[in-house]
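Quick note on numbering: the sequence shown equals residues 495 to 830 in my numbering.
Backbone N, C-alpha and C fix where the C-beta goes; we use that ideal spot for every residue, glycine too.
These numbers come from a predicted model, not from an experiment.
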Amino acid sequence: MKINYKNPEKRTGILIWEGDVSFLSREKDFSLRGIGEEEIKERARKVNGDNALYFFTAVNKADSFLVWVSQIKEWDSQKVLSSESSVTEKRSYEDKENGNIISFIDFSSKVLGRKQIKINFSIEVSEIEVEEGSWVTDDYDKSSPLYRKYTKSERQLSQTDDIVKLAEEITRSTDDYFPKAKIIYNWIVENIEHKEKTGERGAIRVFQSKNGNAAELSFLCITLMRSVGIPARLVTGAWGEAGRRQENHFWLEFYLNNVGWVPVDCAKKMFARLDNKRTIFSKGENIILERGPDQSEVFNINYKRVFFMQPEATYINKQEDGLLVVEQNKYLLVKE
């Protein structure tokens, strides 16, 4: 069994992130002295819509606005020919757990107002196809960092008793990892409805509701695989034909010893194969973010983590009590 990469397609694209930041004073704009944070956010959403990000701030520190951007980098199926950003990063670092390269963009000199990051890139993307031979692969080293990281239960990927029980029941007919993974994929495709708009995210919600978008189908598939000891991880990116605006997309990979990372796309019904119509932004989940370039002690993005890495994780701190409203838009256009 081995992984083949074939039919490379060149994709020239523009990844754009735009943010428009405004400030709503807690007292002047709301006249809500003493009201709770969540109620202020709810009232702000009614005025500004659900697409804005709201940060309630009550810390008297210097203003700062940072954006973390995952660089478009090389993976086994993705070769980077060129990449250039319109904004110079403060610095970049490697997310050593997953291999992502993450840059800080610092807009602290002008927190309020409109901002844009534009990344022009050219990549070569290959189709992936697993050449199936013997299904028997070497057992995992259960003490290895890779195995421990990608089989654990964590945020959005909770291995509840019910989920573990299902995973064990549907895969008990085989002891080999590749057919176990395929059984789990088939169960997802046959039992979970692909539905674009959902409420709260996470494997538990999908398991209970039996529906989910591409990300959530991946969440549950990863969790079921991990429940039977198969290392698996999320892939974040975009998908679409050249010449059109791309859709954000999510799929997953599971690991086999002496084979590598095997791709699975539940939403597009691809197992052990992928097309060449996609761009990879990042791999892994619950990614630890490093502090800002100023090494500020105040740091509160999801307790220093983001579930997946796209140009959207922002740290904002404002001197006056109130809300900073960030109206965000991000999209990827791949040219002919």
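- According to the DSSP assignment, P805 belongs to no beta strand (DSSP E), since it is labelled neither H nor E.
- Rounded to whole angstroms, the gap between the alpha carbons of T665 and I678 is 7 Å.
- Cβ neighbours of I657 within its own chain (closer than 7 Å, five residues either side excluded): A697, F701, T717, L718 and S721.
- Taken through DSSP and simplified to helix, strand or coil, V515 comes out as strand.
- Boundaries cannot be given for N770, as no beta strand (DSSP E) includes it and DSSP labels it neither H nor E.
- With respect to the C-alpha of I781, the residue from V563, L711, E741 and G706 having the closest C-alpha is V563.
- Here T730 is buried. Its C-beta has 16 or more other C-beta atoms within 10 Å.
- Residue range A726 to W733 is occupied by the beta strand (DSSP E) that includes A726.
- Excluding the 5 residues flanking it on each side, K689 has same chain C-beta neighbours closer than 6 Å at N705, in chain order.
- For K676, the enclosing alpha helix (DSSP H) stretches over residues Y671 to N685.
- Taking a contact to require three or more Cβ pairs closer than 8 Å, the segment 735-748 and the segment 634-643 do not qualify as touching.
- Contact annotation, N752 with D632: C-beta distance approximately 5 Å; criterion of less than 8 Å satisfied.
- Ranked by Cα distance from S620, the first of I774, P805 and E779 is I774.
- Beyond the five residues adjoining it in sequence on each side, K567 comes within less than 7 Å, by CB distance, of V574 and I595 in the same chain, given in chain order.
- Bridge partners of Y499 according to DSSP: I622.
- Annotation: the continuous beta strand (DSSP E) that includes I599 extends over N594 to D600.
- DSSP, reduced to helix, strand and coil, places Q702 within a helical segment of the structure shown.
- Linking E583 to V800 through their CA atoms gives a straight-line distance of about 19 Å.
- Between the alpha carbons of E588 and E779 lies a gap of roughly 15 Å.
- Secondary structure of S603 (DSSP, three-state): helix.
- For the 9 Å CB-CB criterion, V605 and V515 form a contact.
- In the three-state scheme derived from DSSP, where H, G and I count as helix and E and B as strand, S638 is classed as coil.
- In this structure, F615 lies near L509, with their beta-carbon atoms less than 9 Å apart.
- Across the set K777, L711 and I724, the C-alpha of L711 shows the shortest separation from the C-alpha of A761.
- When the Cα atoms are used, I686 and V758 turn out to be separated by approximately 15 Å.
- Within the DSSP secondary-structure output, Y749 pairs in a beta bridge with W755.
- Cβ-Cβ separation between S602 and F559: approximately 6 Å, consistent with a contact (criterion under 8 Å).
- Separation of I611 and D670 (C-alpha to C-alpha, rounded to the nearest whole angstrom) is 46 Å.
- Per DSSP, the unbroken alpha helix (DSSP H) holding R720 starts and ends at A708 to S721.
- E568 carries a coil assignment under DSSP once its states are collapsed to helix, strand and coil.
- The Cβ atoms of N498 and K777 do not sit closer than 9 Å to each other.
- For K540, the three-state secondary structure derived from DSSP is helix.
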